[in-house]
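Undergrad: Read left to right, the sequence shown gives residues 5 to 380 (the numbering used here).
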Amino acid sequence: MQFLDLNKQYRSIKKEIDTAIKRVLDNNIFIGGQEVENFEKEMAKFCGSKYAIGVNSGTDALYLSLKSFDIGYGDEVITTPFTFVATAEVIANCGAKPVFVDINPKTFNIDIAKIEEKITKKTKAIIPVHLFGQMADMDGIMRIAKKYKLYVIEDAAQAIGAETKPKAKSQKPKVFKAGSIGDYGCFSFFPSKNLGAYGDGGMIITDNKKLADKIKSLRNHGSSPKEKYKNLVLGTNSRLDAIQAAILKVKLRYLNKWNEERRKKADYYSENLNELKNITTPFIERNKTHIFHQYTIRIKNGKRDKFKDFLDKEGIPTMVYYPLPLHIQPAFKYLGYKKGDFPETEKAAKEVLSLPIYAEIGKKNHNLVIKKIKGF
Ligand SMILES: Cc1ncc(COP(=O)(O)O)c(C=O)c1O
5 MQFLDLNKQY
15 RSIKKEIDTA
25 IKRVLDNNIF
35 IGGQEVENFE
45 KEMAKFCGSK
55 YAIGVNSGTD
65 ALYLSLKSFD
75 IGYGDEVITT
85 PFTFVATAEV
95 IANCGAKPVF
105 VDINPKTFNI
115 DIAKIEEKIT
125 KKTKAIIPVH
135 LFGQMADMDG
145 IMRIAKKYKL
155 YVIEDAAQAI
165 GAETKPKAKS
175 QKPKVFKAGS
185 IGDYGCFSFF
195 PSKNLGAYGD
205 GGMIITDNKK
215 LADKIKSLRN
225 HGSSPKEKYK
235 NLVLGTNSRL
245 DAIQAAILKV
255 KLRYLNKWNE
265 ERRKKADYYS
275 ENLNELKNIT
285 TPFIERNKTH
295 IFHQYTIRIK
305 NGKRDKFKDF
315 LDKEGIPTMV
325 YYPLPLHIQP
335 AFKYLGYKKG
345 DFPETEKAAK
355 EVLSLPIYAE
365 IGKKNHNLVI
375 KKIKGF
């Protein structure tokens, strides 16, 4: 059994994918062009935002978002220490200081009750991460951002298609897609993501035309949209390849169906695992639609590693996302954090275990995972 079998997905849509790739090869335009623009339009529509700009990766999506606000030396950006390293790495790479806030133990997302105490005069932005495919409390985050005039960049790398219905009475009871609430929403098309490319890729969405134009320029060396080889600001090379755009446009048509399949598989896991007293199954908030990029349980009796080893030996692949929180990573040692600073994050890092989940996982394998877990 594989943790994720991408070949099964490819086989199910092979004809369409192969046709799309061939079209790009025949057209001979490999960077930018109509393929990228078409996919950007589809992405904007899917996410309910006005603009979508394709970039090289999820990491670059976050990095360019910060750059567009001129965030750099002397600035602070608030985020969670329980995420993939890129979220905080980009803050540091802009020259700013990542400031961590502990997580809500139920959702694994940033604890909004702990954000305000970390805000200083230097704070410029918040990067909430919609971890594992369920959105952070955007209602609360937007309220805080408004109060302190902070930018909000949603790290939606793991949450494409996830939804939230705002709780606040003042807001229309509209359903918002991940990435469409903050100033920017950032996505990753890393192959294992719910919408995965066959290589690297990323996207930034926004409703703000000025910001969209800025990102378009930044992804292409800060170039002028009007004059070739005129560079207005310092940017970089972070464009989405036409081949990836063509592939992703095909896949986007299936995304709702695949996400729905993941939800069904997640329900089935939970129905079967809820009875086990040392396991906590994922908590789904009432106003949210989870897309289960990961189906992550907690092992409560301190035996997570033994449990994982047992499953490995029984042929059940599992993953720990993430074993070492960012505040105690060697790369962030200079920030001066220490063990014990974020107890909920540290506890989660010791307890979490992600089980195989994807649309095409068969009943046989799905049941085998459950059987082996119960065996332990
Ligand atoms: C939460 C999160 N942020 C950022 C990234 C970075 O995306 P990429 O690998 O496309 O650079 C990822 C995925 O890898 C991620 O899971």
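Each residue gets a CB set at the ideal place from its N, CA and C atoms; glycine is no exception.
1. Is the distance from the Cβ of tyrosine 55 to the Cβ of leucine 215 below 9 Å?
2. Do you know how far the Cα of leucine 372 is from the Cα of aspartate 187?
3. When burial is assigned at 16 or more other CB atoms within 10 Å of the CB, is arginine 15 buried or exposed?
4. Going by DSSP, what residue range makes up the alpha helix (DSSP H) through aspartate 64?
5. Alpha carbon to alpha carbon, how far is tyrosine 77 from tyrosine 152?
6. Checking 9 Å against the spacing of the C-beta atoms, do arginine 266 and tyrosine 362 come in under that value?
7. Is any non-hydrogen atom of ligand 1 found closer than 8 Å to the C-beta of leucine 8, if you look at the structure I gave you?
8. With distance defined between alpha-carbon atoms, name the residue in Tyr299, Asn42, Ile114 and Ile209 nearest to phenylalanine 287.
9. Could you check whether the Cβ of leucine 70 sits closer than 8 Å to any heavy atom belonging to ligand 1?
10. What does DSSP give as the partner residues of valine 28 in its beta bridges?
11. Let me confirm a value: isoleucine 33 is counted as buried when at least 16 other C-beta atoms fall within 10 Å, else exposed. Which label applies?
12. Going by Cα to Cα distance, which pick from Lys312, Asp217 and Ile164 is closest to leucine 252?
13. Can you pull the DSSP bridge partners for methionine 207?
14. Would you list the residues sitting across from arginine 302 in a DSSP beta bridge?
15. Would you grab the beta carbon distance between arginine 207 and isoleucine 57 for me? Rounded to a whole angstrom, and I think it's under 8 Å.
16. Where does the unbroken beta strand (DSSP E) through tyrosine 155 begin, and where does it stop?
17. Would you check if the stretch 235–250 and the stretch 101–121 touch, i.e. whether three or more CB-CB distances between them fall below 8 Å?
18. Shorter than 8 Å, the distance from the beta carbon of cysteine 190 to the closest heavy atom of ligand 1, or not?
19. Would lysine 317 and glutamate 355 qualify as a contact pair, given that the criterion is a beta-carbon distance under 9 Å?
20. Which residues bound the alpha helix (DSSP H) around isoleucine 247?
21. Return the CA-CA distance between isoleucine 116 and glutamate 350, expressed in angstroms with no decimal places.
22. For the alpha helix (DSSP H) containing lysine 342, name the first residue and the last one.
23. What is the DSSP secondary structure of alanine 129, reduced to helix, strand or coil?
24. Would you say valine 156 faces chain D, with C-beta separation under 9 Å as the test?
25. Under a three-way DSSP split, which group does methionine 146 fall into?
TA: From the atom records:
1. yes
2. 43 Å
3. exposed
4. 62–72
5. 20 Å
6. yes
7. no
8. Tyr299
9. no
10. Paired residues: none, contrary to the question.
11. exposed
12. Ile164
13. Gly58 and Phe191
14. Thr284 and Val356
15. The sequence shown places methionine at residue 207, rather than the arginine named in the question. Indeed, because the Cβ distance is near 7 Å, the residues count as touching under 8 Å.
16. 155–159
17. no
18. yes
19. no
20. 246–277
21. 18 Å
22. Premise fails: lysine 342 is in no alpha helix (DSSP H) and is neither H nor E.
23. strand
24. Although the question refers to chain D, the structure presented lacks it and comprises just one protein chain.
25. helix
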